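2 protein chains.
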Amino acid sequence: MNFTTETSSNGVIERTFTLGEVTGVLWSPEAGSAGAPLLLSGHAGGMHKRAPGLVGAALHQVTTHGFAVAAIDAPGHGDRTRSEPDQRWADAIRRARTAGEPIAPIVVEYSRSLAERAVPEWRAILDALQALPEIGAEAPVGYGGVSSGVVTGLMLAAADSRIAALSLGWVFVDDALVEAGRQVTVPVEYRIPWADEEFDRESALALFDAFTSTEKTLHAHSGRYHRLPEYERGNSGRFFAHHLGRSAEAATR
Amino acid sequence: MNFTTETSSNGVIERTFTLGEVTGVLWSPEAGSAGAPLLLSGHAGGMHKRAPGLVGAALHQVTTHGFAVAAIDAPGHGDRTRSEPDQRWADAIRRARTAGEPIAPIVVEYSRSLAERAVPEWRAILDALQALPEIGAEAPVGYGGVSSGVVTGLMLAAADSRIAALSLGWVFVDDALVEAGRQVTVPVEYRIPWADEEFDRESALALFDAFTSTEKTLHAHSGRYHRLPEYERGNSGRFFAHHLGRSAEAATR
């Protein structure tokens, strides 16, 4: 893992890194994060490791809870070169949207392909992060994601027992994803829009129902997915703090 | 409204009161609550104005947000005399529970009767509370309730436009309650258990779907209704703080 830049402001150290062809960013508290949870953050398809909502949530989790948060660019996203097959998927989604046709079938297929490639990348990133003295192998690990980042998170949690909690946003759900959901046994919170014309509510509830986890929470909000009420934004930090144990602040007391 | 006792501890003033035959309790911050929201709290059938969960939430809302919180005993509950018809309902619920039969049909009927009687009581209580200088007519008003307290809250909100936000817990839902839900236009949050053998999930989702409110949030939790995760407990305070405007603390800045 090569750190390429480092900046610091408002109590947060931001470092960009590369590992092989994967580009990523790590946010951590200036005060140190030893013993604090590490969160992995998976962006939506078409976005990148610095998607605005993702950065806002990460900074909140670092400053409020003392967590470390890592985000990487998905294959063909952000600072990474897009392959021809990926470009064809992206083009097909844009064409469908322009034509007013459903994008879900294309997004589902594309997300699954991205997840298959992203899971080994995340596992290698996690190895490298745990080798850093300021994080360490004992730090409990959570994963948060939206859209194709949800698909990656479910496959990553099934493949890697280090993932101890999942915070998931909206995602197009097919039968294969419901099947993947059945393998989830760690605590999970799942946020869905209740009234979004592009988003099928029944399949979202089926995914929530499928999680085997003893501890699971569904949050449904009126309106479309991007209109998450402001007073709900701190929830995923509280969810991770509850399930991943002590925050850095508590650990140093 | 006659105040009958007054005690004070940990920054909270607790006063019991009577208004006609209604017995109640008012919690408010020692530091004063002028301009802060007033919350009305409706207990579950078989409980009373000092049900443990209700008191815990009220004290949290007073100390964290500076709200005033009022709870009253439902007809025939707590310090109030139970009528013969009410006693027959309570006996019927106990018999059904002992026999392992469904209690929902009896609870639905009983809750509706309680709500019909409790709505005019709450309106009179609200008049009296708003006449207190430490609360006043300008304080925004929210209502929180569980079980039969949900039925009362929905009928109260339909009858009295002073109710500006609703925080609802689990309740047995029949078609009449879904119909009442359609009349709800104020912000609402609704918490349901996802896996409770006594509790029908489909009708709960139908009630959430029925709310006409632009702002509505559903929280579903794994397990039974009494197992609300600890990290979720502060949510209704944040919900009311968001929708009812300034807390007392903010108001005095």
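Those sequence lines, one after another, are chains A and B. Mapping of the first sequence onto the numbering used here: residues 40 to 292, in sequence order. Mapping of the second sequence onto the numbering used here: residues 40 to 292, in sequence order. Yeah, the Cβ is synthetic: ideal placement off N, Cα and C, and Gly gets one too. As the structure is a prediction and not an experimental result, all values here were calculated from the model.
Supposed close pair residue i, residue j - CB separation, criterion 8 Å
i	j	result
W161 (chain B)	A107 (chain B)	In fact, because the Cβ distance is near 15 Å, the residues do not count as touching under 8 Å.
S72 (chain A)	A109 (chain A)	With a Cβ gap of about 11 Å, S72 (chain A) and A109 (chain A) do not count as contacting.
P114 (chain A)	L153 (chain A)	6 Å
L180 (chain A)	A203 (chain A)	The displayed chain sequence assigns Val, not Leu, to residue 180 (chain A). Contact holds; Cβ gap of about 6 Å.
V64 (chain A)	T102 (chain A)	Actually they do not touch by this definition, with Cβ atoms about 16 Å apart.
Any C-beta of chain A under 7 Å from that of residue i
i	result
H260 (chain B)	yes
Beta carbon proximity, residue i to chain B, threshold 7 Å
i	result
K255 (chain A)	yes
Nearest-angstrom Cα separation, counted from residue j out to residue i
i	j	result
G284 (chain A)	Q100 (chain A)	14 Å
F238 (chain A)	P232 (chain A)	8 Å
S206 (chain B)	P141 (chain A)	36 Å
L165 (chain A)	G105 (chain B)	43 Å
R119 (chain B)	A129 (chain B)	15 Å
P124 (chain A)	H281 (chain B)	46 Å
T44 (chain A)	T62 (chain A)	12 Å
A178 (chain B)	S200 (chain B)	13 Å
S186 (chain A)	M86 (chain A)	10 Å
T291 (chain A)	G74 (chain A)	Reliability fails at T291 (chain A), whose pLDDT of 39 lies under 50, so the model's placement of it is uncertain and the value that follows must be treated cautiously. Approximately 9 Å, taken between the alpha carbons.
E53 (chain B)	K255 (chain B)	31 Å
A83 (chain A)	T55 (chain B)	53 Å
F42 (chain A)	G276 (chain B)	42 Å
V223 (chain A)	A197 (chain A)	7 Å
A131 (chain B)	R121 (chain B)	14 Å
R136 (chain B)	I145 (chain B)	11 Å
L98 (chain B)	V212 (chain B)	29 Å
G117 (chain B)	A245 (chain A)	41 Å
V9 (chain A)	E69 (chain A)	Outside the shown range of chain A, which is 40 to 292, sits residue 9 (chain A), and nothing can be said about it.
V210 (chain A)	P91 (chain A)	18 Å
T253 (chain B)	D235 (chain A)	13 Å
M40 (chain A)	G183 (chain A)	22 Å
R127 (chain A)	G220 (chain B)	46 Å
L171 (chain B)	R240 (chain A)	46 Å
A163 (chain B)	A138 (chain B)	40 Å
E173 (chain B)	T46 (chain A)	50 Å
R134 (chain B)	S48 (chain B)	41 Å
H260 (chain A)	R89 (chain B)	31 Å
R151 (chain A)	G262 (chain A)	27 Å
A249 (chain B)	P159 (chain B)	24 Å
From the options, residue whose alpha carbon lies closest to that of residue i
i	options	result
G175 (chain B)	B:V51, B:L93, B:A196, B:L77	B:L77
V217 (chain B)	B:S242, B:T102, B:A197	B:S242
H258 (chain A)	A:L244, A:R240, A:R230, A:S252	A:R230
T251 (chain B)	B:A83, B:E148, B:V147, B:E228	B:E228
V58 (chain A)	A:L98, A:A157, A:I145, A:V210	One detail in the question is off: residue 58 (chain A) reads as Leu in this sequence, not Val. Among A:L98, A:A157, A:I145, A:V210, the Cα nearest to that of L58 (chain A) belongs to A:A157.
D214 (chain A)	A:A198, A:F247, A:P68	A:F247
E155 (chain A)	A:Q126, A:N49, A:M194, A:A163	A:M194
G208 (chain A)	A:G188, A:G220, A:A219, A:Q222	A:G188
N274 (chain B)	B:A96, B:M40, B:A90	B:A96
F278 (chain B)	B:P226, B:G262, B:V94	B:P226
E148 (chain A)	A:Y182, A:T191, A:H260	A:T191
E60 (chain B)	B:V210, B:G262, B:D112	B:D112
Q: Pull out every residue of the segment 62-77 of chain B whose Cβ sits closer than 9 Å to any Cβ of chain A, in chain order.
A: When C-beta distances to chain A are compared with 9 Å, every residue of the segment 62-77 of chain B stays at or above that value.
Q: Pull out every residue of the segment 219-245 of chain B whose Cβ sits closer than 8 Å to any Cβ of chain A, in chain order.
A: Listed by position along the chain: W233, L244.
Q. Which residues, taken in chain order from the segment 141-168 of chain A, show a beta carbon closer than 9 Å to some beta carbon of chain B?
A. Taken residue by residue, none of the segment 141-168 of chain A has a beta-carbon sitting less than 9 Å from a beta-carbon on chain B.
Q. For the segment 195-207 of chain B, which residues have a CB atom closer than 9 Å to at least one CB atom of chain A, in sequence order?
A. Shown here is that no member of the segment 195-207 of chain B has a Cβ falling below 9 Å from a Cβ of chain A.
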